[in-house]
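Peer 1:
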Amino acid sequence: MTIERAVSPAQRALAILGDDLTESTLKRYLDGIPGVDAVGLEQRAAALGTRSIKTTSKAWALDRIIELIDLTTLEGADTPGKVRSLVAKAVLPDPSDLSTPQVAAVCVYGDMVPYAVEALGAAHSAGTDEGINVAAVATAFPSGRASLAVKLADTADAVAAGADEIDMVIDRGAFLSGRYGRVFDEIVAVKEACRRDDGSFAHLKVILETGELNTYDNVRRASWLAILAGGDFIKTSTGKVAPAATLPVTLLMLEVVRDWHRLTGEQIGVKPAGGIRSSKDAIKYVVTVAETVGEEWLQPHLFRFGASSLLNDVLLQRQKMKTGHYSGADYVTID
Amino acid sequence: MSHVAVPKTYKLFVNGAFPRSESGRVYEVTTPKGVFLANAAKASRKDARDAIVAARAAVGGWAGATAYNRGQVLYRVAEVLEGRRAQFEDEIVRLEGVSAGAARAQVDEAIDRWVWYAGWTDKFAQVSGNANPVAGPYFNLSVPEPTGVVAVVAPQDSSLLGLVSAVAPALVAGNTVVVVASEAFPLSAITLAEVLATSDLPKGVVNVLTGSPAEIAPWLASHADVNALDLVGAAELEWIDLEIAAAETLKRVYPPESGPDAAAPSLARITAFTETKTVWHTKSLL
Numbered sequence: 001m002t003i004e005r006a007v008s009p010a011q012r013a014l015a016i017l018g019d020d021l022t023e024s025t026l027k028r029y030l031d032g033i034p035g036v037d038a039v040g041l042e043q044r045a046a047a048l049g050t051r052s053i054k055t056t057s058k059a060w061a062l063d064r065i066i067e068l069i070d071l072t073t074l075e076g077a078d079t080p081g082k083v084r085s086l087v088a089k090a091v092l093p094d095p096s097d098l099s100t101p102q103v104a105a106v107c108v109y110g111d112m113v114p115y116a117v118e119a120l121g122a123a124h125s126a127g128t129d130e131g132i133n134v135a136a137v138a139t140a141f142p143s144g145r146a147s148l149a150v151k152l153a154d155t156a157d158a159v160a161a162g163a164d165e166i167d168m169v170i171d172r173g174a175f176l177s178g179r180y181g182r183v184f185d186e187i188v189a190v191k192e193a194c195r196r197d198d199g200s201f202a203h204l205k206v207i208l209e210t211g212e213l214n215t216y217d218n219v220r221r222a223s224w225l226a227i228l229a230g231g232d233f234i235k236t237s238t239g240k241v242a243p244a245a246t247l248p249v250t251l252l253m254l255e256v257v258r259d260w261h262r263l264t265g266e267q268i269g270v271k272p273a274g275g276i277r278s279s280k281d282a283i284k285y286v287v288t289v290a291e292t293v294g295e296e297w298l299q300p301h302l303f304r305f306g307a308s309s310l311l312n313d314v315l316l317q318r319q320k321m322k323t324g325h326y327s328g329a330d331y332v333t334i335d
Numbered sequence: 001m002s003h004v005a006v007p008k009t010y011k012l013f014v015n016g017a018f019p020r021s022e023s024g025r026v027y028e029v030t031t032p033k034g035v036f037l038a039n040a041a042k043a044s045r046k047d048a049r050d051a052i053v054a055a056r057a058a059v060g061g062w063a064g065a066t067a068y069n070r071g072q073v074l075y076r077v078a079e080v081l082e083g084r085r086a087q088f089e090d091e092i093v094r095l096e097g098v099s100a101g102a103a104r105a106q107v108d109e110a111i112d113r114w115v116w117y118a119g120w121t122d123k124f125a126q127v128s129g130n131a132n133p134v135a136g137p138y139f140n141l142s143v144p145e146p147t148g149v150v151a152v153v154a155p156q157d158s159s160l161l162g163l164v165s166a167v168a169p170a171l172v173a174g175n176t177v178v179v180v181a182s183e184a185f186p187l188s189a190i191t192l193a194e195v196l197a198t199s200d201l202p203k204g205v206v207n208v209l210t211g212s213p214a215e216i217a218p219w220l221a222s223h224a225d226v227n228a229l230d231l232v233g234a235a236e237l238e239w240i241d242l243e244i245a246a247a248e249t250l251k252r253v254y255p256p257e258s259g260p261d262a263a264a265p266s267l268a269r270i271t272a273f274t275e276t277k278t279v280w281h282t283k284s285l286l
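In order, the protein sequences belong to chains A and B.
Take UniProt numbering: the final residue in the first sequence is number 335, and no numbers are missing along the way.
Take UniProt numbering: the final residue in the second sequence is number 286, and no numbers are missing along the way.
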């Protein structure tokens, strides 16, 4: 497999690996990355999870968590109506408290993008920094088992429909069998398919599906690969495979992002997705981000939670902090 | 080699498990003469919160079980209670300082009462429900439905009978329960929890907290995910305040009772924690 040198988003790889960018140099580079100290990683993640975040810090964290959520519905049974109610919740998460911030984005399947854009209306960011983004999963999500042509058409279709962000899946089969060039080329090609008519790009989130990568070493390699190929974000999981996001895996990916930032000065985003259901868990991630890459990363363009039920739990916690008594599921919407 | 006695650690009963209080606190339980008996867990507001989460999760399964099945499970509790009566009698003698005969009488009464309530599960709807006469070709039926999560402050002057009298009726209709046991006599409550844990009662249907009712009850009363509040053992607390807090989220409240006849068995204790659902259904016209 040859690697397209002309494709612009592969600039990162060219800059790091030099002009003789071939599959073998890429493989040599990725295989040369040191292995992960798994025990140390899990211990560090566990230690970060024990921080006690209370009162004003907790209030700040809860609001920030909401601002970092990609409110997601990715079901086979999704309908335009379901997407509209998701958007309504994204715009106004808690009708009983108008001080509640809005979420960062709604995340839907590609064919639901037009309905999401329509339902957002003026609340849609549409390329500006204000408002809510529409993220679409593409490239034969969640398995990624389709030809490249289909994956690119899937991506281009979602971008044309108004998606601001594309969540692509990597070809785990190719990655695990060592065909890094194929995975690399696909990411480069999908990045190119994210180009809009005006020359700007939809943000590309690369889903590693860490639950299928089996080892921390693989997660580290896949993270480097995705960044080298031009990903704007690296995302843990589709949410369809167990285990989905875990704190150690997210910490590991944050460390890659930190190393990349030290190397190049460039900031890459991280998105843990799947299995983060409680405010308590989400706060652990916030702590991990702040301690690993810095609080600067706690912004929607650098860190996201892929979640659906998390939002309700955060709203219940906000209500508890505001009223002083525990709230219940009857006081938030049923999703 | 001589045997070294293994004293029991009395913990909470939440979601079918026996955790310590998240606060790590315990308090001393003594005989009426002040002799140390055991350390009991002193539940915090967060334990109460966890218990309510467990109780809420258990509502669907328990309320959705057939009335006959609930009756069978509750009867099974009485069977296991009977099998462990010696342990209860022993605990009551040591805790309350009463005679063995009085303890035996209390356990008898508790088992009888549990069986009495178990029998009501598939019968109370016939008594408190109704087929209403309406002017039209419809059946109009009013049926009692469980209200959901019931928080109970158990009678404070009784170790087993009071607890049974407050918990059993709430379970009959299909509610789930978070009960704050008697502060002075908590040991039988945890032993009862061991009975419940081994009697096919689904996890979370009954959750037992030990500790200070004065500390925990306000959190239960104001919790928006609690549907009803049984204040039967709250006479010594600021129970009017609890009632006011409960009114914020429109809870059903059953007031305190005291004296020897407190929480006497009655159909009213069952129906207090139900909501009446009325349905219209067309009659077939031939």
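Ideal Cβ positions, reconstructed from N, Cα and C, are used throughout, including at glycine.
List, in order along the chain, the chain A residues whose C-beta lies closer than 8 Å to that of residue 225 of chain B?
Peer 2: Under the 8 Å cutoff, chain A gives 326, 327, 328, 329, 330.
Peer 1: Going by DSSP, what residue range makes up the alpha helix (DSSP H) through residue 31 of chain B?
Peer 2: Unbroken run through residue 31 of chain B: none, as it is neither H nor E.
Peer 1: Buried or exposed: where does residue 155 of chain B fall if 16 or more other Cβ atoms within 10 Å of its Cβ makes it buried?
Peer 2: Label assigned to residue 155 of chain B: buried.
Peer 1: Closest by CA to residue 223 of chain B, which one among B:151, B:273, B:255?
Peer 2: Selected option, being the one with the closest Cα: B:151.
Peer 1: Across the stretch 138-146 of chain B and the stretch 84-92 of chain B, are there enough close Cβ pairs to call them in contact, namely three or more that are closer than 8 Å?
Peer 2: Cβ pair count under 8 Å is below three, so no.
Peer 1: Compare the C-beta of residue 219 of chain B with all C-beta atoms of chain A and state if any pair is closer than 8 Å.
Peer 2: Answer yes: the Cβ-Cβ gap between residue 219 of chain B and chain A drops below 8 Å somewhere.
Peer 1: I'd like the list of long-range same chain contacts for residue 199 of chain B, defined as Cβ closer than 8 Å, with 5 residues on each side in sequence excluded.
Peer 2: Closer than 8 Å at the Cβ level, and outside the excluded window around residue 199 of chain B, lie 73, 76, 77, 79, 80.
Peer 1: What are the residues that DSSP puts in a beta bridge with residue 142 of chain B?
Peer 2: DSSP, once it has assigned bridges, lists B:130, B:278 as partnering residue 142 of chain B.
Peer 1: Where residue 128 of chain A and residue 164 of chain A are concerned, what is the direct C-alpha to C-alpha distance, given to the nearest angstrom?
Peer 2: Cα to Cα, the separation comes out at about 10 Å.
Peer 1: Using a Cβ-Cβ cut-off of 7 Å (strictly less than) and excluding sequence neighbours within five positions of residue 284 of chain A, which residues of its own chain qualify?
Peer 2: Hits under 7 Å: 48, 49, 247.
Peer 1: If I measure Cβ to Cβ from residue 133 of chain A and keep anything under 7 Å in the same chain, skipping five residues before and after, which residues do I get?
Peer 2: Correct list, in chain order: 104, 105, 125, 164, 165.
Peer 1: Can you confirm whether residue 222 of chain B, when its beta carbon is compared against all beta carbons of chain A, has any partner nearer than 8 Å?
Peer 2: At least one chain A Cβ lies under 8 Å of residue 222 of chain B.
Peer 1: On a Cα-Cα basis, can you pick out the residue from B:48, B:25, B:87, B:64 that is closest to residue 39 of chain B?
Peer 2: Out of B:48, B:25, B:87, B:64, B:25 has the C-alpha closest to the C-alpha of residue 39 of chain B.
Peer 1: Please look up how many angstroms separate the CB atoms of residue 256 of chain B and residue 234 of chain B, rounded, as I've assumed it's under 8 Å.
Peer 2: Between residue 234 of chain B and residue 256 of chain B the Cβ distance is about 5 Å, and since that is below 8 Å, they are a contact.
Peer 1: For residue 294 of chain A, count the other beta carbons within 10 Å of its own beta carbon; 16 or more makes it buried, fewer makes it exposed. Which is it?
Peer 2: It is exposed - the Cβ of residue 294 of chain A has fewer than 16 other Cβ atoms within 10 Å.
Peer 1: If contacts are defined as beta-carbon pairs under 8 Å, then residue 277 of chain A and residue 228 of chain A qualify, I think. What distance do you get, rounded to the angstrom?
Peer 2: The Cβ separation is near 33 Å, so there is no contact.
Peer 1: Looking at the C-beta of residue 49 of chain B, does it have a partner C-beta in chain A at a distance below 8 Å?
Peer 2: Yes, because at least one Cβ of chain A sits closer than 8 Å to the Cβ of residue 49 of chain B.
Peer 1: To the nearest angstrom, how far is the alpha carbon of residue 247 of chain B from that of residue 258 of chain B?
Peer 2: Distance between the alpha carbons of residue 247 of chain B and residue 258 of chain B: 23 Å.
Peer 1: For the stretch 93-180 of chain A, which segments carrying the alpha helix (DSSP H) assignment without a break, of at least 4 residues, lie completely within its bounds, in sequence order?
Peer 2: The stretch 93-180 of chain A contains these whole alpha helix (DSSP H) runs: 113-120, 148-160, 172-176.
Peer 1: What residue range does the alpha helix (DSSP H) around residue 46 of chain B cover?
Peer 2: Residue 46 of chain B -> alpha helix (DSSP H) spans 45-64.
Peer 1: Under 8 Å between the Cβ atoms of residue 71 of chain B and residue 119 of chain B?
Peer 2: Going by C-beta atoms, residue 71 of chain B is nearer than 8 Å to residue 119 of chain B.
Peer 1: Which ranges does the beta strand (DSSP E) cover as unbroken runs of at least 3 residues, wholly within the stretch 194-219 of chain A, from first to last along the chain?
Peer 2: Those beta strand (DSSP E) runs which fall completely within the stretch 194-219 of chain A and span 3+ residues are 203-207.
Peer 1: Tell me whether residue 92 of chain B sits in a helix, a strand or coil according to DSSP, three-state version.
Peer 2: It is helical.
Peer 1: Quick one: residues in its chain with C-beta nearer than 6 Å to the C-beta of residue 281 of chain B, no 5 flanking neighbours on either side, listed in chain order?
Peer 2: So the qualifying residues of the chain are 139.
Peer 1: So residue 115 of chain A and residue 80 of chain A are supposed to be a Cβ contact under 8 Å. How far apart are they, rounded?
Peer 2: Sure, about 4 Å apart at Cβ, within 8 Å.
Peer 1: Do residue 64 of chain A and residue 298 of chain A count as a contact pair if the criterion is CB distance below 8 Å?
Peer 2: Result yes, Cβ atoms of residue 298 of chain A and residue 64 of chain A sit closer than 8 Å.
Peer 1: So, residue 207 of chain B versus residue 54 of chain B, is the Cβ gap smaller than 8 Å?
Peer 2: Yes, these two residues count as a Cβ contact at 8 Å.
Peer 1: Does the stretch 314-321 of chain A come close enough to the stretch 9-21 of chain B to have 3 or more Cβ pairs within less than 8 Å?
Peer 2: Result no; under three Cβ-Cβ pairs closer than 8 Å.
Peer 1: Might you give, ordered along the chain, the residues of its own chain that have their beta carbon closer than 8 Å to the beta carbon of residue 1 of chain A, omitting 5 neighbours on each side?
Peer 2: Interpretation of residue 1 of chain A is limited by its pLDDT of 40, a score under 50 that renders its predicted location unreliable; no figure is taken from the coordinates.
Peer 1: Do residue 238 of chain A and residue 210 of chain A come within 8 Å of each other at the CB atom, strictly closer than that value?
Peer 2: No. Outside cutoff.
Peer 1: How many Å lie between residue 10 of chain A and residue 264 of chain A at the Cα?
Peer 2: Cα to Cα, the separation comes out at about 14 Å.
Peer 1: Residue 204 of chain A and residue 190 of chain A look like a contact to me (Cβ under 8 Å); what is the Cβ gap, rounded to whole Å?
Peer 2: That pair is a contact at about 7 Å.
Peer 1: If distances are taken between C-alpha atoms only, which option among A:223, A:159, A:217 comes closest to residue 198 of chain A?
Peer 2: Answer by Cα proximity: A:159.
Peer 1: Per DSSP, residue 79 of chain A is paired with what?
Peer 2: None, per the DSSP bridge assignment.
Peer 1: Hey, would you say residue 232 of chain A sits closer than 8 Å to residue 268 of chain A, going by beta carbons?
Peer 2: The answer is yes: Cβ separation under 8 Å.
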